[in-house]
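Enquirer: Got a structure for you, written out below as C-alpha coordinates; questions coming shortly.
In our numbering, the protein residues as written are 20 to 247.
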(Lines of atoms letter the chains of each structure in order from A and count residues from 1; the text may use other names and numbers.)
(Lines give C-alpha, C1' and ligand atoms only; values in the text may rest on other atoms or scores of the structure.)
Protein backbone atom coordinates (compact mmCIF):
# COMPACT_ATOMS: atom_id res chain seq x y z
CA UNK A 1 0.00 0.00 0.00
CA UNK A 2 1.33 3.42 -0.89
CA UNK A 3 0.27 7.00 -0.39
CA UNK A 4 -0.19 9.17 -3.42
CA UNK A 5 1.14 12.70 -3.01
CA UNK A 6 -0.76 15.41 -4.86
CA UNK A 7 0.11 19.07 -5.15
CA UNK A 8 -1.59 21.88 -7.01
CA UNK A 9 1.50 24.09 -7.05
CA UNK A 10 4.23 23.85 -9.63
CA UNK A 11 7.82 23.21 -8.72
CA UNK A 12 10.01 26.30 -8.74
CA UNK A 13 13.63 26.17 -9.79
CA UNK A 14 16.31 28.44 -8.43
CA UNK A 15 17.84 30.96 -10.84
CA UNK A 16 21.24 29.91 -9.50
CA UNK A 17 23.20 26.88 -10.65
CA UNK A 18 25.27 25.48 -7.79
CA UNK A 19 27.50 23.37 -10.03
CA UNK A 20 30.20 25.33 -11.85
CA UNK A 21 30.16 25.32 -15.65
CA UNK A 22 33.30 26.47 -17.46
CA UNK A 23 32.99 29.40 -19.86
CA UNK A 24 35.54 31.36 -21.89
CA UNK A 25 35.90 33.94 -19.12
CA UNK A 26 35.27 31.74 -16.08
CA UNK A 27 37.37 28.62 -15.96
CA UNK A 28 40.38 27.40 -13.91
CA UNK A 29 42.81 28.34 -16.70
CA UNK A 30 41.99 32.06 -16.35
CA UNK A 31 44.65 33.26 -13.95
CA UNK A 32 43.72 35.39 -10.93
CA UNK A 33 45.88 36.97 -8.26
CA UNK A 34 45.30 39.79 -5.83
CA UNK A 35 46.80 43.11 -6.80
CA UNK A 36 49.72 44.19 -4.57
CA UNK A 37 47.39 46.45 -2.59
CA UNK A 38 44.76 43.76 -2.15
CA UNK A 39 47.38 41.16 -1.26
CA UNK A 40 48.50 43.36 1.63
CA UNK A 41 44.86 43.77 2.64
CA UNK A 42 44.39 39.99 2.47
CA UNK A 43 47.38 39.46 4.75
CA UNK A 44 45.89 41.91 7.25
CA UNK A 45 42.58 40.01 7.17
CA UNK A 46 44.22 36.61 7.63
CA UNK A 47 46.30 37.95 10.52
CA UNK A 48 43.09 38.56 12.49
CA UNK A 49 42.59 34.81 12.85
CA UNK A 50 44.65 32.25 14.79
CA UNK A 51 46.83 30.25 12.38
CA UNK A 52 44.80 27.08 12.89
CA UNK A 53 41.58 28.98 12.12
CA UNK A 54 42.65 31.17 9.23
CA UNK A 55 40.01 29.50 7.08
CA UNK A 56 37.67 31.88 8.91
CA UNK A 57 38.92 34.53 6.46
CA UNK A 58 37.21 32.77 3.56
CA UNK A 59 34.27 35.16 3.28
CA UNK A 60 36.16 38.48 3.46
CA UNK A 61 38.78 37.19 1.01
CA UNK A 62 36.11 36.11 -1.46
CA UNK A 63 34.53 39.54 -1.13
CA UNK A 64 37.91 41.17 -1.75
CA UNK A 65 38.41 39.03 -4.84
CA UNK A 66 34.96 39.89 -6.14
CA UNK A 67 35.59 43.59 -5.68
CA UNK A 68 38.82 43.32 -7.66
CA UNK A 69 37.56 41.15 -10.52
CA UNK A 70 33.90 42.16 -10.52
CA UNK A 71 32.60 38.70 -9.70
CA UNK A 72 33.64 35.54 -7.84
CA UNK A 73 35.08 33.34 -10.56
CA UNK A 74 36.27 29.79 -10.08
CA UNK A 75 39.83 31.14 -10.24
CA UNK A 76 39.08 33.54 -7.38
CA UNK A 77 37.82 30.61 -5.30
CA UNK A 78 40.88 28.49 -6.09
CA UNK A 79 43.21 31.37 -5.28
CA UNK A 80 41.53 31.98 -1.91
CA UNK A 81 41.76 28.26 -1.13
CA UNK A 82 45.47 28.35 -1.91
CA UNK A 83 46.02 31.37 0.34
CA UNK A 84 44.23 29.71 3.23
CA UNK A 85 45.68 26.22 2.72
CA UNK A 86 42.26 24.59 2.54
CA UNK A 87 40.73 22.22 -0.02
CA UNK A 88 39.04 24.21 -2.83
CA UNK A 89 35.76 22.47 -2.00
CA UNK A 90 35.65 24.31 1.35
CA UNK A 91 35.68 27.61 -0.52
CA UNK A 92 33.18 26.40 -3.13
CA UNK A 93 30.77 25.54 -0.32
CA UNK A 94 30.85 29.11 0.95
CA UNK A 95 30.66 30.78 -2.45
CA UNK A 96 27.64 28.73 -3.54
CA UNK A 97 25.78 29.19 -0.25
CA UNK A 98 25.80 32.98 0.05
CA UNK A 99 24.03 35.01 -2.61
CA UNK A 100 26.38 37.96 -2.04
CA UNK A 101 28.92 36.19 -4.24
CA UNK A 102 28.23 36.56 -7.95
CA UNK A 103 29.75 33.54 -9.63
CA UNK A 104 29.11 34.88 -13.11
CA UNK A 105 30.08 38.27 -14.58
CA UNK A 106 27.73 41.15 -13.75
CA UNK A 107 27.48 44.72 -14.93
CA UNK A 108 29.36 47.67 -13.49
CA UNK A 109 26.22 48.56 -11.57
CA UNK A 110 24.55 45.63 -9.83
CA UNK A 111 20.89 46.61 -9.42
CA UNK A 112 19.21 44.58 -6.67
CA UNK A 113 15.47 45.02 -6.22
CA UNK A 114 13.92 43.82 -2.98
CA UNK A 115 10.53 42.21 -3.60
CA UNK A 116 9.91 40.63 -0.19
CA UNK A 117 6.56 41.34 1.48
CA UNK A 118 7.14 44.84 3.01
CA UNK A 119 8.65 46.19 -0.20
CA UNK A 120 6.04 44.46 -2.32
CA UNK A 121 3.22 45.99 -0.29
CA UNK A 122 4.80 49.41 -0.87
CA UNK A 123 5.07 49.07 -4.64
CA UNK A 124 8.18 46.99 -5.38
CA UNK A 125 6.49 45.36 -8.37
CA UNK A 126 6.07 48.79 -9.97
CA UNK A 127 9.71 49.59 -9.23
CA UNK A 128 10.83 46.35 -10.85
CA UNK A 129 8.67 46.99 -13.92
CA UNK A 130 10.04 50.53 -14.19
CA UNK A 131 13.61 49.25 -14.04
CA UNK A 132 12.97 46.66 -16.73
CA UNK A 133 11.45 49.29 -19.00
CA UNK A 134 14.13 51.90 -18.31
CA UNK A 135 17.05 49.52 -18.75
CA UNK A 136 15.50 47.50 -21.55
CA UNK A 137 16.28 44.18 -19.86
CA UNK A 138 14.56 41.55 -17.73
CA UNK A 139 15.51 40.17 -14.33
CA UNK A 140 18.86 38.30 -14.38
CA UNK A 141 19.95 40.09 -17.56
CA UNK A 142 22.70 42.62 -18.25
CA UNK A 143 22.45 45.62 -20.56
CA UNK A 144 24.35 45.28 -23.87
CA UNK A 145 26.88 47.91 -22.76
CA UNK A 146 27.70 45.85 -19.66
CA UNK A 147 26.81 48.65 -17.26
CA UNK A 148 23.71 47.33 -15.50
CA UNK A 149 22.69 43.91 -14.24
CA UNK A 150 19.18 43.59 -12.80
CA UNK A 151 18.30 41.00 -10.16
CA UNK A 152 15.47 40.36 -7.73
CA UNK A 153 16.54 39.75 -4.12
CA UNK A 154 15.07 38.79 -0.79
CA UNK A 155 14.83 41.16 2.18
CA UNK A 156 17.34 44.02 2.00
CA UNK A 157 16.83 44.81 5.67
CA UNK A 158 15.48 48.33 5.12
CA UNK A 159 11.77 47.54 5.40
CA UNK A 160 10.88 50.80 7.16
CA UNK A 161 11.93 52.70 4.01
CA UNK A 162 10.39 50.35 1.46
CA UNK A 163 10.56 49.97 -1.46
CA UNK A 164 14.33 49.62 -1.67
CA UNK A 165 16.88 49.12 -4.43
CA UNK A 166 20.58 48.49 -3.84
CA UNK A 167 23.03 49.80 -6.42
CA UNK A 168 26.21 47.88 -5.64
CA UNK A 169 26.77 48.78 -1.95
CA UNK A 170 24.46 51.80 -1.82
CA UNK A 171 20.80 51.70 -0.76
CA UNK A 172 18.13 53.89 -2.35
CA UNK A 173 14.87 53.95 -0.43
CA UNK A 174 11.30 55.30 -0.49
CA UNK A 175 11.31 54.79 -4.24
CA UNK A 176 8.58 55.65 -6.71
CA UNK A 177 8.57 54.86 -10.44
CA UNK A 178 9.49 58.50 -11.10
CA UNK A 179 12.41 58.59 -8.66
CA UNK A 180 13.59 55.20 -9.95
CA UNK A 181 13.93 56.62 -13.47
CA UNK A 182 15.89 59.59 -12.09
CA UNK A 183 18.13 57.17 -10.19
CA UNK A 184 19.02 55.16 -13.28
CA UNK A 185 19.58 58.29 -15.35
CA UNK A 186 21.96 59.64 -12.71
CA UNK A 187 24.06 56.49 -12.96
CA UNK A 188 24.02 56.59 -16.75
CA UNK A 189 25.36 60.14 -16.59
CA UNK A 190 28.08 59.18 -14.13
CA UNK A 191 26.69 61.38 -11.35
CA UNK A 192 24.82 59.03 -8.98
CA UNK A 193 22.22 60.41 -6.60
CA UNK A 194 23.08 60.53 -2.91
CA UNK A 195 22.23 57.17 -1.29
CA UNK A 196 19.37 56.97 1.18
CA UNK A 197 15.69 57.91 1.06
CA UNK A 198 14.65 59.71 -2.13
CA UNK A 199 11.46 61.02 -0.55
CA UNK A 200 13.03 63.87 1.40
CA UNK A 201 13.36 61.93 4.62
CA UNK A 202 16.75 62.11 6.30
CA UNK A 203 16.61 58.62 7.75
CA UNK A 204 13.62 56.49 8.81
CA UNK A 205 11.60 59.10 10.67
CA UNK A 206 7.80 59.07 10.11
CA UNK A 207 6.82 60.59 6.77
CA UNK A 208 4.01 62.55 8.42
CA UNK A 209 6.20 63.95 11.19
CA UNK A 210 7.10 62.86 14.68
CA UNK A 211 4.38 61.42 16.89
CA UNK A 212 6.57 61.00 19.96
CA UNK A 213 9.69 62.60 21.41
CA UNK A 214 8.39 65.97 20.26
CA UNK A 215 9.60 67.98 23.27
CA UNK A 216 13.02 68.77 24.67
CA UNK A 217 14.39 65.89 26.73
CA UNK A 218 14.30 66.25 30.49
CA UNK A 219 17.53 67.30 32.13
CA UNK A 220 19.62 65.41 34.69
CA UNK A 221 17.85 64.70 37.96
CA UNK A 222 14.32 64.85 36.59
CA UNK A 223 11.96 62.96 38.88
CA UNK A 224 14.59 62.43 41.57
CA UNK A 225 13.86 63.62 45.11
CA UNK A 226 15.81 66.73 46.03
CA UNK A 227 16.85 65.26 49.39
CA UNK A 228 18.64 62.32 47.82
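Positions of the beta carbon are idealized from the N, C-alpha and C atoms, including for glycine.
All values derive from a computational prediction rather than experimental measurement.
Can you tell me the Cα-Cα spacing of residue 233 and residue 239, whole angstroms?
Expert: The sequence position of residue 233 within the chain shown is 214, counting from 1. The sequence position of residue 239 within the chain shown is 220, counting from 1. Spanning the two alpha carbons is a distance of roughly 18 Å.
Enquirer: Which residues in the same chain as residue 185 place their Cβ atom closer than 7 Å to its Cβ, once the five residues preceding and following it in sequence are excluded?
Expert: Locating residue 185 in the chain shown gives position 166, counting from the first residue. Closer than 7 Å at the Cβ level, and outside the excluded window around residue 185, lie 131 and 175.
Enquirer: With a 10 Å radius around its C-beta and 16 neighbouring C-beta atoms as the bar for buried, classify residue 235 as buried or exposed.
Expert: The residue you call residue 235 lines up with position 216 of the chain shown. Exposed, since its Cβ has fewer than 16 Cβ neighbours within 10 Å.
Enquirer: Quick check on DSSP: helix, strand or coil for residue 52?
Expert: Start at 1 with the first residue of the chain shown, and residue 52 comes out as number 33. In the structure shown, residue 52 sits in coil (DSSP, three-state: anything other than H, G, I, E or B).
Enquirer: What do you get for residue 66, buried or exposed, if any count of 16 or more other CB atoms within 10 angstroms of its CB means buried?
Expert: Position 47 of the chain shown holds residue 66. Residue 66 is exposed by the Cβ-count criterion.
Enquirer: Hey, could you find the ends of the alpha helix (DSSP H) residue 87 is sitting in?
Expert: Working through the chain shown from its first residue, we reach residue 87 at position 68. Start and end: 77-88.
Enquirer: For residue 77 versus residue 125, is the C-beta spacing smaller than 8 Å?
Expert: Taking the chain shown and counting its residues from 1, the one referred to as residue 77 is at position 58. Taking the chain shown and counting its residues from 1, the one referred to as residue 125 is at position 106. Going by C-beta atoms, residue 77 is not nearer than 8 Å to residue 125.
Enquirer: Which residue's Cα is closest to the Cα of residue 189: 169, 211, 196 and 200?
Expert: Locating residue 189 in the chain shown gives position 170, counting from the first residue. When each option's Cα is compared against that of residue 189, the closest is 211.
Enquirer: Tell me, to the nearest whole angstrom, how far the beta carbon of residue 205 is from that of residue 217; I am working on the premise that it is less than 8 Å.
Expert: Translated into the one-based positions of the chain shown, residue 205 becomes position 186. Translated into the one-based positions of the chain shown, residue 217 becomes position 198. At roughly 10 Å, the Cβ-Cβ gap does not stay under 8 Å, so residue 205 and residue 217 are not in contact.
Enquirer: Apply the 10 Å Cβ neighbour rule to residue 228 and answer buried if 16 or more other Cβ atoms are within range, or exposed otherwise.
Expert: Counted from its first residue, the chain shown places residue 228 at position 209. Label assigned to residue 228: exposed.
Enquirer: Report back the beta-carbon spacing between residue 96 and residue 110 to the nearest angstrom; my notes put them in contact at under 8 Å.
Expert: As a working note, residue 96 is residue 77 in the chain shown. As a working note, residue 110 is residue 91 in the chain shown. Correct: roughly 5 Å between the Cβ atoms.
Enquirer: Just the Cα atoms here: how many angstroms apart are residue 128 and residue 203?
Expert: As a first step, residue 128 is located in the chain shown; it is residue number 109 there, counting from the start. As a first step, residue 203 is located in the chain shown; it is residue number 184 there, counting from the start. The alpha-carbon atoms of residue 128 and residue 203 are separated by roughly 10 Å.
Enquirer: Distance check for residue 92 and residue 80, CA to CA, integer angstroms please.
Expert: Indexing the chain shown from 1 puts residue 80 at position 61. Indexing the chain shown from 1 puts residue 92 at position 73. If you take the alpha carbons of residue 80 and residue 92, they lie about 13 Å apart.
Enquirer: Can you name the start and end residues of the alpha helix (DSSP H) that residue 100 belongs to?
Expert: For the purposes of this step, residue 100 is taken as residue 81 along the chain shown, with counting starting at 1. Looking at the DSSP string, the run of the alpha helix (DSSP H) that includes residue 100 is 93-103.
Enquirer: Roughly how many whole angstroms lie between the Cα atoms of residue 224 and residue 193?
Expert: In the chain shown, the residue the question calls residue 224 occupies position 205. In the chain shown, the residue the question calls residue 193 occupies position 174. So the two alpha carbons sit approximately 12 Å from each other.
Enquirer: Return the chain-ordered list of same chain residues with a C-beta closer than 6 Å to the C-beta of residue 49, the five sequence neighbours on each side being excluded.
Expert: To locate residue 49, count along the chain shown from 1; it is residue 30. For residue 49, where only same-chain residues beyond five positions count, the Cβ hits under 6 Å are 94.
Enquirer: Give me the Cα-Cα distance between residue 56 and residue 102, rounded to the nearest whole angstrom.
Expert: In the chain shown, residue 56 corresponds to position 37, counting from 1. In the chain shown, residue 102 corresponds to position 83, counting from 1. If you take the alpha carbons of residue 56 and residue 102, they lie about 15 Å apart.
Enquirer: Rounding to the nearest angstrom, what Cα-Cα distance links residue 46 and residue 231 in this structure?
Expert: On the chain shown, position 27 is the one that residue 46 refers to. On the chain shown, position 212 is the one that residue 231 refers to. When rounded, the distance between both Cα atoms is 57 Å.
Enquirer: With a threshold of 7 Å on Cβ separation, who are the neighbours of residue 88 within its own chain once the five nearest residues in sequence on each side are excluded?
Expert: For the purposes of this step, residue 88 is taken as the residue at position 69 of the chain shown. Same-chain partners within the cutoff: 51 and 95.
Enquirer: For residue 106, count the other beta carbons within 10 Å of its own beta carbon; 16 or more makes it buried, fewer makes it exposed. Which is it?
Expert: Within the chain shown, numbered from 1, the residue matching residue 106 stands at position 87. Under this definition residue 106 is an exposed residue.
Enquirer: What is the residue span of the beta strand (DSSP E) that residue 139 lies within?
Expert: On the chain shown, residue 139 is found 120 positions in, with the first residue counted as 1. No beta strand (DSSP E) contains residue 139, which is instead part of the alpha helix (DSSP H) from 136-140.
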